[in-house]
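Inspection log for the structure reproduced underneath, given as C-alpha cells.
Protein chains in written order, with the UniProt record's numbering: chain A, 1 to 433; chain B, 1 to 433; chain C, 1 to 433; chain D, 1 to 433.
Written out as C-alpha cells, the structure is:
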C-alpha cells in the first residue's frame, strides 16, 4: 500500500529523445519529469520502478483507474479474436454493444430520448460538432459561453474557451462571453444579467444558437454552478430558442457522483458533449448526445476517420456493465468525495484564505496563488503523488483521483498532499523571511 | 482465398439500435449495411460470417491491414503487462520507443530535423495545430488552400476544406482558395497564377501564414500534383515568408509508395500533418512534424486529453519496425500499384471517357458520374468487395486496399470491381433503353 | 412665434415618387409623412407652408439650428467666389481655417495635443478609422463595446453597435460586449466587472485594442454614464494597454453643454470620433482626433473620396467662430437644459413610472413602452412638433432641440410635447377601458 | 487659356498647421503640396494665384468640373432661400426633384425598375449597404470579388477591396477572390474559372450572396472588362442565385461615356452602387439602385445621419437636367476620349513597353513602374498639371479630366503630360548612366 519504493532506480532514464525530437508544446512532462511505463488502478509506475499515487487520472479520463481489470480483459479478448479495431462509422458489433448498454443503463432510466453521434475521438471535436449542429438547427451564429469555460482548442471550440493563453490572440468569432455562476461575487446573479442581455434588442447580444456550459468548470478552477442557476440558464435557452449544450467532458461519467453532472438538476439538455472517461480505459472516444428534435444532420456532414475506435467501444461497454448496472457506484463516489472534502477542509487551514472548490470527486483547493500551487505539486511529486492545478492563475489544487481509488490509498494521497501544502507554505514563509 | 462465404448468415442481425439511437449523421454504414465483427489483413467479416475484401482500409487508416500480427502481438503484450494506456503528454516508455524509431527510421535517413508534436488523435486536430502554429510564427492570418482539398471538419481546418457539403454555409474565414495543380486543364499553370496573386499588392490575397496542400488529394478525387508543381509551390512559400504545410494524413505512411508522399520531390515542408495509418493498427493518433526553426509553441499552448494514446504508440513503433526498417516495402507497394494500374486501365474501357486518377496505392477511376459510381459500389458490396468513392461529385472509384494485400487477393478484388463496373454500365444502358 | 400655420396647404403634395422609387429602407419619412422644403433656426417648413418646431435637429446634426445665418453667409460667400467644393485630402484654405480655429478654440484651451484625421464624412466611417488605428497601434483585435452602444452600421462599426435590428444576424466579430454604466441596476458596478474580465487570463476576454464608449448613449436611450465610471474605464484602458475611444458623434459639439461630452471628467481619450454637428450646418463631415502617440497611419492607409468636403469646413469654421469663441454658449445651453429638465419632470407625472434620462440638451423621458412613445410622436407631429424616440424598445422620448432654440419656442415645443403625452396616455386609458 | 500664371505668389503660404495638427494619414497633399483656394471648370487655383489643369477631378467626383455654373446657381438659390440643408431621410422637395429626374432621365429610358436607396454619402457606405442586402436576400455570406478591385475601406467593403496596403492585415472575411478579366493573360478566361469554381461542390467556394465588380477598375489600374466577360459573369450570378452588384462609383456618371459604365452591355445588375460624381458638384452623396425584387430592407435597417444631404440632391438634379436631358453629352465625352487616346498613344512611345489602359474618359498609361509614374506626376505638377496614378504598383498614369473639359485645355494638359513623361524618362536614363 506504500506507493513509494525503497529501491533505487534500476538504471539511467534516457529522456534525451524527448528534448531532441518532441515539440516544445509538451507540457505535463515538464512538471512530472520521469518516464512512465505501467499503471494499475490509482498507481502509476515509472521505469525506475517508482510508484506514484495518481490524483490526476488522465485529467479525468481515467475515472475507473488504469487498466481496470474487467475492461482490460474485454479488450484483450476482443483483440485476441481479431475483433475489428477501427471501423469508420460502419456498424460493428462492438458499437452495437455499447449503444445497447448506453441506452439501457444510461438513457432509458433517465427518460432521455437522445441519439448518439460518434464524433472524432476528442472532446474538442465533439464540441465542434455540437456547435455546428446548433447553428444549423437554429440558423443562428452566436453562442453564449462563460468566463473560465474550457471546451477545447480547435478553432470553433477555442472561440468558446476562456483561456487567453490557449486563445493565442487568434481572431476567434461567434461567441458572446457571459460571467459564470458566482463569477462576480454573491451580489450578482449572472443568470439575471444574461436574461437582460438576451431580452434587450439593443444589448449587443445576437440571438443565440446555443448556450454552452460546464456544470463544474474543470480547467477553469473547479467552479461549480448551482442547480438553480443551471435551471435558469436552461429556461433562458428555451425562451430564446437556443439549444442548451452541456459539456460533460470532464464532469461527466460519474466524476461529480451520478453519471451526468446535471443528473438531478431537473434539466434536459438539447445536446450533451462527452469524452475523457467515456471509454473507461483512457482510449480516445467522444460523442454528442443529440435530442431527436435536433438530429438534423445529413449523412457524414460532420465526419472523421476515427469515429469508430472499436477498442474504445469495447471498454466503454465494459465500463457501463461493471460500474453503472447497479446504483452502488454513486454511493461509493459520494463516500470518497466526503473523505476528500474533509481532508481538504483540514488542509485549507494551512493556507490563510484558501477556499474549497468543486463538488463530488472534482474538488480542489484554491490556495490563492499559482506559485504556491506549483510548489505544492512539485513537492507532492517528489513524495510520490501526482496532482495538478487548474484555474485562471493555476491556483487551484485539483484532486482528480480515480473514482474507485481504494480508501486507504486515497487517504494516503491526501496525507501526502497535506504535507506538501504545509511544507510549501513553510518554504514560502522562510523565503519571505 | 475466396472471400465470399458459401454459408448462410448464422442468425438475425439486429440493427435496430442504430436506427433508434445513432444520429442521422452516420454515413458509411448506409452503403455497407451489415454489422462487422472481426477483420484480419485485407478481409473484414460481418456477424453472419460473410467476408469482404477491403478496398477501403479505414479510408487509408489501415495501410497494413486489419489486426496486423506484429502490432497485435505488441499491443497484447503491452496491455497484458498493464502498460500505460493513456498518459496525457507525460513521458512514457511507449512514446520514447516510437520517437526513437521515428527518428532513426524516418527522419534521419531523410535528413529531416523536424520535431514531433503529438496533437489530439485526429487529422483535423493536427491540421488545426499546424495552422495555429503557422499563424503564430508568421504573425499573419491568411492561409492558402486549394480547390478540392480536404483537411477536416473542425472550424479552423474546415475553412481550408473545399467541400461545400461539409462547410455547411458556416462563416469560415482566414483562407484564400486557389486552383490545385491541373484544376483548370492543361492550359493553366496554377502555380503561376498563385505566384501572380502573391506578388500583386492589390490582388486581394493577404500575405499568407501558410500554404497547405495534399500532394494527392484523397477526398478531392485522387488528384495528384506533379513534383514540379509542388516544388514551385514550396518555392513560393519560401519567397513569400509562408510556411509550407503538407497534409500527409491520407497520402502518407506509404500510401503512394515511400513513407512520405513528398519523398523524392526535393521539398522540405516546414510542417507535415500525419494521422490515419500512423498507428498502423487503426488506433487514433496524429502528429505534426515541426521544423525546429518554427517550434515556437509554449508548453500546452495547443493541448488535448488524448495526445498520449499509448496503445497507438506501441503499434506505431511496431509498424515502423516491421515495415520501414528494410527498403523492400516500397517495392512491394510499387508492385501492387502497378497491378492496380493495369487492372484499372482495363476496367476504364468499360466506361467511355473514364480516366485513371492518383498514384501508388492511391489510385482510382473517374467514371464521370456519381450515380454510376454509387451503383458500382453497391454491386461490389453485394459481391463481397468494400470500395468507396471520392471527388467533387463522388464520381471517382477509389482503390484504397491495404498496402500489403496479398497479390491474389488484390487481383480477386480488382476482378470483382471489374465485374461490378461492367454490370453497372450495362444496367445503366438497360435503364436508358 | 406660433409655428402652427392657420392657412391651408397650398396644393397637393405629390409623394408618389417616394413610394415608387425610394427603397423600403426609408425610415423617418414614415412617421413624419410630409415633404419639407425649407427650414430656419428651430423651425422646419413643409411644402404646404406648415411649420414645425424641430426637436429632432437632424438627430443632433443641427445643434445650431437650420441655416444658421453666420454659416449660411460664409457658405454663400465661399460658393459665390468659386471656392473649392471638394478637394480630396489636398491642402485647402478652408481646411486650414478650420484646423486653425479647431486648434485655437477647442484643442489648445483643453491642452489636447491631438491631431485631426479627416475621414469619409459619416460617423460610421470615423468609427471604422478609429477601430482600425487602435488595432494597428496595439497589434490586437478585440474591442470592448457596451450594451446599447450605437456606432454606425458599416461592418466594422456595426460589430460594436448593440442594436440587433441593425446587426441583421450578420457574422460580426472582434467585439466583447460589456454592460454599460447602470445597465444592471445600482447593485452592479459594471466597471468592476470589466476590470475583473480584463484581469482574468481565462475570462474569455482577449486583451483589447480599444475600449469604445459614448458618455451619453444617444440611440441607446439617453443613458448617461457618470464621470466616475468614465474615469474608471479610462484607467482600465491605460492599465491594459488599450486605447480609449470616445464616440462623441451625437453627444459632442455642445450637446451636453461643453464642446466635448467628456469635458470636465478628467479623462483624455486616445481617440475621439466626431461628426453630426461638426460642420454646424448639417453638411456631411467627420473626423477622428488622434493622440500624436498613436498617429501611426501611413499616408492614405484609410482613405475615401469626400474627406475634403470643403463646404463643411467653411461652415464648421464659422460655427467655431460664432459659438465657441466666447464661453457664454455653454451657459446658454445649460439654461435651456434646465428648462427642458423642469418641463420633463412635470411631463413625467403624466406617466406612472416614467423616468428622466440623459443630460444637457440630450435629455428625454422613458415612458416605459414603445407604443406609447410612438403615439406621443404622432400626436406631437399633428400639432406641429417633430420629436423622435430612442432606446432598446424605442421607449424614450428624446428632446434634441437645437442648442440655440429661442427660449419661448423651446417652451412652446415642450408644451406641445406635454399635451401630446397627456393625450396619448388618456387615449391609452380609453383604449384599455 | 494658359493655366500657368506669370505672376509671383502673393504671400507666404502657411502650411504649418497641417503638419502640426493633421494626421499622418493625409495623402494627396504630399504630392501636390500647395494650398488650394478656388476652382472653376477644369482649373484649380492655389493661394499664390497659380492655376493648375485638373486631370484628377476629385478622383472622378468632379466629372462636370469645379463649380459648374448651372449647379452653382441652383445651390446658391437653394441656400439663399433657406432650403433644407440636411433632412435625415425625411421627404424633401429636393429629394423629390432628384428622384423624379433620375427616374425620367436615367431609369425609364433604360427600362430599369430599380429603386433608390440613399445611404451614408460615401461610396464605401453604399457598398456596405449593397453587401448587407445581398446577404439578407440570399441568406448566404460569401461574396465574389476580383483581383485589383477597389470598393472602399470600411470593414465590410474592405474585405472586397484588393489592396493589401489598405487591408492592413486585418482579419477580413466573407469574400472569395477571383481573377478579373484579363488578369492572367489572354490564355485564361477568368469567367470560365469562376464558372468551374461555382459549379464545383468541393471547390472551396461557398454559394455566393453576390458577385461584385467594377466594369473598369479605377484604383486597380484602369483594367477594363470586356462586355462579353461582364455578360458571362452576370449569367453566372443568375445561374447560381447570386446578386450581381456593379460598383459604378468611379466608372459611372458618364466617366466611360454613357451614364452607367455597363450601358450597352446587355446586363441588368441587381444592385448598382453610385457615388463620387453623383451630386455633380463634388458634394458627398451615394446611393444603391435596388431591383424591386430585392428591396427587402426593413425601415432604417441600414441608416446614417447624412443620407439626406439636400445640397447634393439639388446639384445632382441640376446635373441630370444639364447634362443628361439631351443625348449629346455622351458624344462630347466620346470626342474627348478619342483625343485622350490619340495623345496617350503618342506618349506611350516615350516609354518602351508602356500600355494604354481603360476606356472612355477613364484612360491611362501603364508606364511599368511606380517610380517613373511618380516622377511624371511630380514634373507635371511643377508645370501646372494635376494627375495621379493607380494600379497595383501605382504604375498607371490616370487621366481623369472633367468630362466637359474644353478641348484646347484638354490638349494643353495632355501636352504637359507628354512633356513630363518625356523628361521623366530622360531623367531616368541620365540617372542610370
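A virtual CB, placed ideally from N, CA and C, is assigned to each residue, including glycine.
{"Query": "Could you tell me whether any Cβ in chain A is nearer than 9 Å to the Cβ of residue 343 of chain B?", "Result": "no"}
{"Query": "Verify the CB distance criterion: does residue 261 of chain C have a CB-CB separation below 9 Å to chain D?", "Result": "no"}
{"Query": "Just the Cα atoms here: how many angstroms apart are residue 191 of chain A and residue 265 of chain A?", "Result": "16 Å"}
{"Query": "Please compile the residues from chain A whose C-beta is within a distance smaller than 8 Å of the C-beta of residue 117 of chain C.", "Result": "What residue 117 of chain C touches in chain A: nothing, since even the nearest Cβ is about 25 Å away."}
{"Query": "Look at the alpha carbon of residue 182 of chain A and the alpha carbon of residue 245 of chain A, and state the distance between them as a whole number of angstroms.", "Result": "20 Å"}
{"Query": "At 8 Å on the CB atoms, spell out the chain A contacts of residue 392 of chain C, in chain order.", "Result": "200, 201, 202, 203"}
{"Query": "With DSSP as the reference, please indicate the residues paired to residue 52 of chain B in a beta bridge.", "Result": "B:44"}
{"Query": "On the premise that residue 403 of chain B lies in contact with residue 63 of chain B, defined as a C-beta separation below 8 Å, what is that separation, rounded to the nearest angstrom?", "Result": "5 Å"}
{"Query": "Would you call residue 157 of chain A buried or exposed, if buried means 16 or more other Cβ atoms sit within 10 Å of its Cβ?", "Result": "buried"}
{"Query": "In its own chain, which residues sit with a C-beta less than 6 Å from the C-beta of residue 329 of chain D, not counting the 5 before and 5 after it?", "Result": "323"}
{"Query": "Where does residue 142 of chain C fall in DSSP's three states?", "Result": "strand"}
{"Query": "What residue range is occupied by the uninterrupted alpha helix (DSSP H) comprising residue 442 of chain C?", "Result": "Nothing can be reported for residue 442 of chain C, as the shown portion of chain C is limited to 1 through 433."}
{"Query": "If you drop the 5 nearest sequence neighbours on each side, which residues of the same chain put their C-beta closer than 8 Å to that of residue 97 of chain B?", "Result": "313, 314, 317"}
{"Query": "Between residue 64 of chain C and chain D, is any beta-carbon pair separated by less than 9 Å?", "Result": "no"}
{"Query": "Could you pull out every unbroken alpha helix (DSSP H) segment of at least 4 residues lying fully inside the segment 303–350 of chain B, listed in chain order?", "Result": "310–323, 328–348"}
{"Query": "Label residue 54 of chain C either buried or exposed according to how many other C-beta atoms from any shown protein chain fall within 10 Å of its C-beta, with 16 as the threshold for buried.", "Result": "buried"}
{"Query": "To the nearest angstrom, how far is it from the Cα of residue 77 of chain A to the Cα of residue 155 of chain C?", "Result": "60 Å"}
{"Query": "Looking at the strands, I want to know which residues DSSP matches up with residue 208 of chain C.", "Result": "C:142"}
{"Query": "My output table needs one value for residue 423 of chain C: the three-state DSSP class, helix, strand or coil.", "Result": "helix"}
{"Query": "Strictly below 7 Å CB to CB, what residues from chain B border residue 196 of chain D?", "Result": "184"}
{"Query": "Tell me, please, which residues DSSP counts as bridged to residue 223 of chain C.", "Result": "C:217"}
{"Query": "From the DSSP secondary-structure annotation, give me the bridge partner or partners of residue 76 of chain C.", "Result": "According to DSSP, residue 76 of chain C bridges with nothing at all."}
{"Query": "Can you say whether residue 89 of chain D is buried or exposed, counting buried as having 16 or more other CB atoms within 10 angstroms of its CB?", "Result": "buried"}
{"Query": "Check the C-beta distance from residue 367 of chain D over to residue 351 of chain D and give it rounded, since I have them as a contact under 8 Å.", "Result": "5 Å"}
{"Query": "Taking C-alpha atoms, which residue in A:408, A:414, A:384, A:399 lies nearest to residue 34 of chain A?", "Result": "A:384"}
{"Query": "By the DSSP assignment, the alpha helix (DSSP H) with residue 390 of chain D in it spans what residues?", "Result": "Segment 388–390 is the beta strand (DSSP E) holding residue 390 of chain D; no alpha helix (DSSP H) there."}
{"Query": "Buried or exposed: where does residue 208 of chain D fall if 16 or more other Cβ atoms within 10 Å of its Cβ makes it buried?", "Result": "buried"}
{"Query": "For residue 94 of chain D, count the other beta carbons within 10 Å of its own beta carbon; 16 or more makes it buried, fewer makes it exposed. Which is it?", "Result": "buried"}
{"Query": "Cutting at 7 Å between CB atoms, please list the residues of its own chain near residue 87 of chain C, excluding the five before and the five after it.", "Result": "308, 310"}
{"Query": "Mind reading off the beta-carbon distance from residue 152 of chain A to residue 203 of chain C? Whole number of angstroms is fine, and I expect it under 8 Å.", "Result": "17 Å between Cβ atoms; not a contact."}
{"Query": "Please determine, among B:199, B:268, B:252, B:240, the residue with the shortest C-alpha to C-alpha distance to residue 231 of chain B.", "Result": "B:268"}
{"Query": "So which residues of chain B does residue 34 of chain A contact, with C-beta pairs closer than 9 Å?", "Result": "90, 91"}
{"Query": "Does DSSP put residue 92 of chain D in a helix, in a strand, or in coil?", "Result": "strand"}
{"Query": "Check whether the Cβ of residue 219 of chain D lies closer than 9 Å to any Cβ atom in chain B.", "Result": "yes"}
{"Query": "Counting only beta-carbon atoms, is residue 193 of chain A nearer than 9 Å to chain C?", "Result": "yes"}
{"Query": "To the nearest angstrom, how far is the alpha carbon of residue 303 of chain C from that of residue 119 of chain C?", "Result": "7 Å"}
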